[in-house]
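Written below as structure tokens is the structure these notes are about.
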């Protein structure tokens, strides 16, 4: 009897700090790091609607897109930039989720890098490989991806 | 005996527990938990990711004096497969710097050597540099990148631009900023009317929403005193005086007035005033709004100022248009009719304070108006605000948060200071610049980057030396008179509203330049800012083109080539099919209009320029968005040949 009580106490004594320390760690675990991203806002997001949270790459890509691509593809990626009506074929509607899904990341980056003629499409889409760095092209591709995601979410 | 057995057993248990404390504590370290979580997480990934060995990791960057153990828990930093994974395991966004080389805290701040979450983010006592919130992260770029526009850091660049434009250095010493041109107040009493001045002092943005002038929140009494004080300064700099208004504009008959208005309207649209000025918000944003200017000032002032702006504002970037007196009479008559604010409220009646001069001067000095505006007889009062060259290294205990109730951190202090400058103290004098939250954050980001951290020389990116180019002689006089630097850059000096002229004679043909001065037209129809018609005389145009064709020339850009039918045909094919040039350029009305139309391009551009431009546009104009197609010499020559057929 005495012995078994001892053993019970011993087990308890050994487990107690374990439990306490274990709880302490769980309590301190940060849940806020991922949530930080929500507060990310950027100067050029003038849109009235709450802008979707963009990854860092997509934010960089947006700046490049607005400078080089928006003239034809439009600021919202619908293929309706001011220069679009002069073009035949029309610029790709980048919000078309069904089409964008068929494009692999590599193919998307290649289209930006080599232009339409690099991927057997219209040469009206210029090649940006010499103008933009490899990372910049990946950033633009990341931003372009956000158009279709948005439209899917809106539906 | 039994008692001693129990005592012995008890002490053994205590001894065992004491022995167990250390290994148990070690086993339960926070970071070990993360490492184990990480190893569990990667097992569920489709791709194989190497598991983490349990142990502390760190990046040591001796040249920046950093030891960062963040990678102990941030284990997926370099694993593409972990992009978007839950923190702390997510992959780091792709950036231009290698984390191994720069470490973490040089950008993010926080306490590098710490191994618990709470200590590492640095929000603990006596740690002065807690992690930068993400929306302020570009502040860190500013520590090493001191150039005005930093690629890939748009917020920082916007903040630096705002600091320069708001002329913060009028009151604060900040290294690396240029003083802005601000109108002199000499002669203001002969320029504006008192009712306008009073309203302006109360709220400058009500008259011109884009003005850089800040709101000092003057009380009615203070604004009255300031208005009376300033209206007393009636003599202009360098004893300039106002010429009388031409008789025909002073009191025209009804019929003459209509004719004058018509003439004025024509001259104003020819001169393209709206390239720089807006009319009730529509038009350019380089200069002030003209929509109500006739209620601000007199026709006589307008006449004198447009006739010769620099007589009254020696450094203003307003060009002197070559208007005749008749033209000017028309212009000011038109302005009087069109640009009067008929809804302007009568100013409240007031009796001037007998001591308005002394009190006005005291206010003028108190708010350091002299920091921006020149005023005769009032010397420089010096900077009144604290120096901001190293404000990003300000310690928390040095900041007085007053009763503001904001989060006690440097980013939140600077942000709040920009939106509510006087919230921290009842005696604060800083005026309200009307920054939007985005602008305030950008300014805070730029200021946070001003640290006194020691950065090795080789890691710093310094701004380019300011150009000392200052053309002399007849050309220099004209450049000053026409304020060319207001829009154009030459030899590294000036703004890039319009073309950089440094190589203009290698780019354009002399005949074309001459004609362009006579009848400027817009090469790119989509631009708002357009070259005004200054109505230059032929000798003036000769001075300008003579100088340009000698100085703005780069010999290496010459490239003569013979145009054959075959090469032109090949070029045409490249233009239309292979490179899709027609997507952006028009020929005979067909094509896009992102770039300039190319009809008659052969009469405009030199063959060498076209050739080198096609080879590498950004080598000639870094800001151009023309794609670089990496053409071979043969292709570029063929394309050039085709373009040379467009005469």
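Residue numbers (the numbering used here), protein chains in the order written: chain A, 1 to 155; chain B, 1001 to 1647. By construction, the Cβ of each residue, glycine as well, lies at the ideal position given by its N, Cα and C atoms.
- Secondary structure note for residue 1535/B: it is in no beta strand (DSSP E), with a DSSP letter that is neither H nor E.
- Judged by DSSP in its simplified three-state form, residue 1061/B adopts strand.
- Annotation note: the region 1115-1145 of chain B contains the following uninterrupted alpha helix (DSSP H) runs of length 4 or greater, listed N- to C-terminal: 1117-1121 and 1141-1144.
- Listed along the chain, the chain A residues whose CB falls inside 7 angstroms of the CB of residue 1577/B are 123.
- In this structure, 1088/B is the residue among 1098/B, 1149/B, 1088/B and 1148/B with its C-alpha nearest to the C-alpha of residue 1120/B.
- Taking C-alpha positions only, residue 1172/B is separated from residue 1449/B by approximately 16 angstroms.
- Annotation for residue 1018/B: no beta strand (DSSP E) segment contains it, though the alpha helix (DSSP H) segment containing it runs 1002-1027.
- At a C-beta separation below 8 angstroms, residue 1618/B has these neighbours in chain A: 131.
- Within 10 angstroms of the beta-carbon of residue 1301/B lie 16 or more other beta-carbons, which makes it buried.
- The beta-bridge partner set that DSSP reports for residue 1316/B is empty.
- In the DSSP assignment, residue 1067/B falls within the unbroken beta strand (DSSP E) covering 1066-1068.
- The C-beta distance from residue 1373/B to residue 1182/B rounds to 6 angstroms, short enough to fall under 8 angstroms.
- Interface annotation, residue 1286/B: not in contact with chain A, CB-CB separation never under 7 angstroms.
- Checking the DSSP bridge columns, you'll see residue 1494/B partnered with 1489/B.
- Pairing residue 1038/B with residue 1053/B, the inter-Cα distance amounts to about 10 angstroms.
- Interface residue (Cβ-Cβ distance to chain B less than 7 angstroms): residue 114/A is not classified as such.
- Rounded to the nearest whole angstrom, the CA to CA distance from residue 1179/B to residue 1210/B is 19 angstroms.
- With a threshold of 16 other beta carbon atoms within 10 Å, residue 1014/B falls short and is exposed.
- Contacts between residue 1152/B and chain A, judged by CB atoms closer than 7 angstroms, involve 60 in chain order.
- Between the beta-carbon of residue 1103/B and that of residue 1056/B there is about 15 angstroms, and that puts the pair past the 8 angstroms contact cut.
- In summary, the residues of the region 1582-1603 of chain B whose CB is separated from some CB of chain A by less than 9 angstroms are 1582, 1583, 1584, 1586, 1590, 1591, 1592, 1593 and 1594, in the order they occur in the chain.
- For chain A, the residues of the region 1612-1640 of chain B that bring a beta carbon within less than 9 angstroms of one of its beta carbons are 1616, 1617, 1618, 1625, 1626, 1627, 1628, 1629 and 1630, in chain order.
- Per DSSP, the unbroken alpha helix (DSSP H) holding residue 1301/B starts and ends at 1299-1307.
- Of all residues in the region 1095-1112 of chain B, only 1095 and 1096 come within less than 8 angstroms of chain A when Cβ atoms are compared, listed by chain position.
- A residue is called buried once 16 or more other Cβ atoms fall within 10 Å of its Cβ, and residue 1019/B, having fewer, is exposed.
- Contact check for residue 1463/B and residue 1080/B: beta-carbon distance about 35 angstroms, past the 8 angstroms limit, so the pair fails to qualify.
- A contact is defined here as three or more CB-CB pairs under 8 angstroms, and the region 1323-1330 of chain B meets this definition with respect to the region 1257-1274 of chain B.
- Going by C-alpha positions, residue 1525/B is about 58 angstroms away from residue 1124/B.
- If you look at residue 1200/B, you'll find it in the alpha helix (DSSP H) that goes 1194-1202.
- Cβ atoms of residue 57/A and residue 1094/B come within 8 angstroms of each other, at about 6 angstroms.
- Contact between the region 1294-1312 of chain B and the region 1243-1256 of chain B is present: 3 or more CB-CB pairs across the two stretches fall below 8 angstroms.
- Among the CB atoms of chain B, none fall inside 7 angstroms of the CB of residue 120/A.
- The alpha carbon of residue 1558/B has as its nearest neighbour, out of 1597/B, 1507/B, 1532/B and 1567/B, the alpha carbon of 1507/B.
- Unbroken alpha helix (DSSP H) stretches of 4 residues or longer found wholly inside the region 1147-1226 of chain B: 1154-1165, 1194-1202 and 1204-1207, given in chain order.
- Judged by their CB atoms, residue 1548/B and residue 1514/B are not nearer to each other than the 7 angstroms cut-off.
- Taking each of 88/A, 119/A, 100/A and 115/A in turn and checking the Cα distance to residue 144/A, the smallest one comes out for 100/A.
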